[in-house]
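Encoded as structure tokens, the structure appears first; notes follow it.
Residue numbers (my numbering): 84 to 415.
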């Protein structure tokens, strides 16, 4: 029997309909698994001149900026969604509002090895990315024009990646995104009613119920949300209440890299290294909303296409319950 479930944070609904997975070719999204090294990859060592000058780098041998010898580089996106130059100007025409496209758009080139990915069981790779993201957020949030900084990763063409060399992205925005604002509003309402963090309540309940909990360590919990939009969608929560990712101590980021590597290993074995989206949900810049929010991570494998019903209603149809997805992931 299909079931509607309500997200306790945003109030949005999803449909869990296991009948849908019986449809032919439901999961047959064609994914190009070829990650051979193309000629003139702009992210490979020796091609540093093909990118804008780096804003951050990990160079263990103290090599010169914008040359080889790096473990990780952060560079401005060559084709940015928003530009850092200029002043923020707001205007309107009748009932329509607009503002200048001010922001920052950077690429985290995660590794010099073109074929090395998060699926390869290397926590140090993920740790470096988290440390770089933290450093860039701390720098960019000093700019008063920026209200929100989103760190995300698109892995594979069906998830939106246009280059196969492993990379993440960071975009600083002059507004708080609606999806994040919905979470903030839901967290604020819960706190005003119960004087507790809703994310902390979720962590406590899921640990006690143990229906949707995948793995945990000293600092983090990985679980399937109660109302997931996508099959095998996962959420990663810090156990210690913390509104901001950038205030996370480095030793806890080390712990996060370990649990992410373990999680990705399970996903790789069960789902054959699927394309995916990885998103850090963080408080607005300089934690301007207060302490009731709780930063976290969304991980969403791309296993099916979003179609007309989802676009038209905002309801997502998920053919696999979170309880079933967790049992499957635990089995590998």
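Don't be surprised by glycine CBs; every beta carbon is placed ideally from N, CA and C.
- In the three-state reduction of the DSSP assignment, residue 236 falls in the strand class, which pools E and B.
- In terms of Cα proximity to residue 352, the closest of 414, 291 and 91 is 414.
- Collapsing the DSSP output to three states places residue 410 in a helix.
- CA-CA distance, residue 342 to residue 175, rounds to 47 angstroms.
- Sorting 248, 346 and 167 by C-alpha distance to the C-alpha of residue 383 places 346 at the top.
- Within the model, the alpha-carbon separation for residue 222 versus residue 87 is close to 42 angstroms.
- Around the CB of residue 136, fewer than 16 other CB atoms lie within 10 Å, so the residue is classed as exposed.
- Beta-carbon to beta-carbon, residue 256 and residue 186 are separated by about 5 angstroms, close enough to satisfy the 8 angstroms threshold.
- Excluding its 5 nearest sequence neighbours in each direction, residue 289 has C-beta neighbours in its own chain below 6 angstroms: 295, 296 and 306, listed in chain order.
- Between residue 134 and the set 189, 367 and 142, the nearest pair of CA atoms involves 189.
- A direct Cα-to-Cα measurement between residue 131 and residue 125 gives close to 7 angstroms.
- Given a length threshold of 3 residues, each whole run of the beta strand (DSSP E) inside the stretch 198 to 245 is given here in chain order: 231 to 238.
- In its chain, beyond the 5 residues on either side, 135 and 189 have a beta carbon closer than 6 angstroms to the beta carbon of residue 159.
- Residue 304: member of the beta strand (DSSP E) spanning 303 to 306, first to last residue.
- Between residue 251 and residue 200, the CB-CB gap reaches or exceeds 8 angstroms.
- In the assembly as shown, residue 178 is an exposed residue. Its beta-carbon has fewer than 16 other beta-carbons within 10 Å.
- A Cβ-Cβ separation of about 5 angstroms places residue 99 in contact with residue 401 under the 8 angstroms criterion.
- The beta carbon of residue 129 lies closer than 8 angstroms to those of 151 in the same chain, with the five residues before and after it left out.
- In the DSSP assignment, residue 175 is bridged to 180.
- In the DSSP assignment, residue 87 is bridged to 98.
- In this structure, residue 167 lies away from residue 138, with their beta-carbon atoms at least 8 angstroms apart.
- Under the rule that a run must span 4 or more residues, the alpha helix (DSSP H) segments found entirely inside the stretch 274 to 339 read 281 to 292.
- Close CB contacts of residue 242 within its chain, under the 7 angstroms cut and outside five residues either way in sequence, are with 358, 359, 360 and 385 (chain order).
- Residue 381: not part of any alpha helix (DSSP H); member of the beta strand (DSSP E) spanning 379 to 384, first to last residue.
- In this structure the stretch 201 to 218 touches the stretch 324 to 331; the number of beta carbon pairs closer than 8 angstroms is three or more.
- If you check the CB distance, residue 339 and residue 213 come in under 8 angstroms.
- As DSSP reads the structure, residue 156 sits in a beta bridge with 140 and 192.
- The shortest C-alpha to C-alpha distance from residue 336 to any of 85, 211, 230 and 127 is the one to 211.
- Taking every protein chain shown into account, the CB of residue 236 has 16 or more other CB atoms within 10 angstroms, so this residue is buried.
- In the displayed model, residue 165 falls within coil according to three-state DSSP, outside both helix and strand.
- Ranked by how close their Cα comes to the Cα of residue 229, the residues 407, 366, 355 and 379 have 366 in first place.
- One thing to note: residue 254 has its Cβ no nearer than 8 angstroms to the Cβ of residue 171.
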